Amino acid sequence: MRRICLKALPPLLAAGLFIGLAAPAGAENLTYDFEAEVPEAWSEDDTHQVTGQSQVLGPFNQRNDDYPNKASLSIGKESQGKPLKVEFDLVLLGNWDSQGSKADSFTVEDGDGNELLKVEQFPCDLTDKDENLPEGTPGATKVGKRYMRHCVLHKSFVLPAGAEEIVFKGKTTGRRSEFWALDNVRLTAG
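Residue numbers (mature numbering (1 follows the signal peptide of the UniProt record, and there is no 0)): -27 to -1, 1 to 163.
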C-alpha cells in the first residue's frame, strides 16, 4: 500500500485533498476512519472490510503470526505539548471472553508502556454460550478461513501531554477465533 509523506500532509489537509484523515482545527484534532490510505503515523496499514461496518484498521491477534499483534500511532510534535482526548471504536471479531480461564483483554499504552486504558469486559449480546455470535451485527466477516460475527465498543481516554505514541494491544486466548480492529479514531485537544 502506498504511503503519503507526512511533510506533505498539512498542505493537503488545508486544501481538503486528503480523504480518510480530517483535521478540523489544527494538527491536535485528527480523525482516522481508514476508508482511504492509512497515514504513515500508524505502524500498520492493513485494512479489512467488516460486514455492515466501514473499513477498519486490522485485524490484529498477538497469538497468530499471520496477523500483526498491535497498532501504534505516532503523535506529531505540534500535539505533544497538550493532553489529547482519544476516542475510538474497538471492533471485536469472534468469541471475546470476559471471564474465566480464557478471559481476554485489550489495553492502550503510551510509548513508554504506561497503561492508559484497560478493557476486560466485553458486553456483547450473545446467541450462544461460547460468545461466537454477538447479536445485532449484520452477517459475518471472513477472517482467514473463518466467518465471525462482531461487536463494536466505543472507548475513550486522555493521552497526557508529552506522549509521543499510542499503542493499542489486545490479549486474546484464541489464535483463530478472536481478533480486534480499530475504526473512527479521533484525537481532540483538551
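Don't be surprised by glycine CBs; every beta carbon is placed ideally from N, CA and C.
Since the structure is predicted, the reported quantities are computational estimates derived from the model, not experimental observations.
In the DSSP assignment, find the unbroken beta strand (DSSP E) run with F33 in it and report its ends.
Following the DSSP letters along the chain, one finds F33 inside the beta strand (DSSP E) bounded by residues 28 to 33.
Whole angstroms are fine: how far does the CA of L57 sit from the CA of S27?
In this structure, the alpha-carbon of S27 lies about 25 Å from that of L57.
Let's see if you can read the secondary structure: which residues bound the beta strand (DSSP E) around I139?
Looking at the DSSP string, the run of the beta strand (DSSP E) that includes I139 is 138 to 144.
Measuring CA to CA, which of T4, V29, D6, D39 is closest to K118?
Closest in C-alpha terms to K118, from the list T4, V29, D6, D39, comes D39.
Let me know the alpha helix (DSSP H) ranges lying completely inside the segment 62 to 99, each 4 residues or longer, listed in chain order.
Scanning the segment 62 to 99 from its first residue to its last, no whole alpha helix (DSSP H) run of 4-plus residues comes out.
For S16 and S45, believed in contact at Cβ under 8 Å, the rounded distance:
So it is a contact: roughly 4 Å between Cβ atoms.
Are A9 and V64 touching if we call contact CB-CB under 8 Å?
No, Cβ-Cβ distance for A9 and V64 is not below 8 Å.
Can you grab the Cα-Cα spacing for the pair P(-4) / G84, in whole Å?
The pLDDT assigned to P(-4) is 36, lower than 50, so where the model puts this residue is not dependable, and the model offers no usable value.
For Y120, the first and last residue of its enclosing beta strand (DSSP E):
Residues 119 to 121.
Here's a check: name, in chain order, each residue in its chain whose Cβ is nearer than 6 Å to the Cβ of A76, leaving out the five neighbours to either side.
Answer for A76: D70, listed in chain order.
Using DSSP's beta-bridge definition, name the partner residues of E17.
For E17, no pairing in a beta bridge is given by DSSP.
Just to confirm, are K55 and A134 a CB contact at a threshold of 8 Å?
Taking the C-beta atoms as reference points, A134 is found nearer than 8 Å to K55.
Cβ-based neighbour list, N42, same chain, cut-off 6 Å, excluding 5 preceding and 5 following
Counting only residues of its own chain and dropping the five nearest sequence neighbours on each side, N42 has a CB closer than 6 Å to the CB of Q35.
Strictly by DSSP, which residues pair up with E60?
Paired residue(s): S129, R159.
May I ask you to report which of helix, strand or coil DSSP gives S150?
Note: S150 maps to coil in three-state DSSP.
Based on Cα-Cα distance, which residue from N157, M121, D6 lies nearest to T24?
Out of N157, M121, D6, the CA that lies nearest to the CA of T24 is found in M121.
Provide the residue span of the beta strand (DSSP E) that contains V116, from first to last.
Taken as a continuous stretch (DSSP letters only), the beta strand (DSSP E) holding V116 covers 114 to 116.
Would you call the CB atoms of S129 and G67 closer than 8 Å?
A distance of 8 Å or more separates the beta carbons of S129 and G67.
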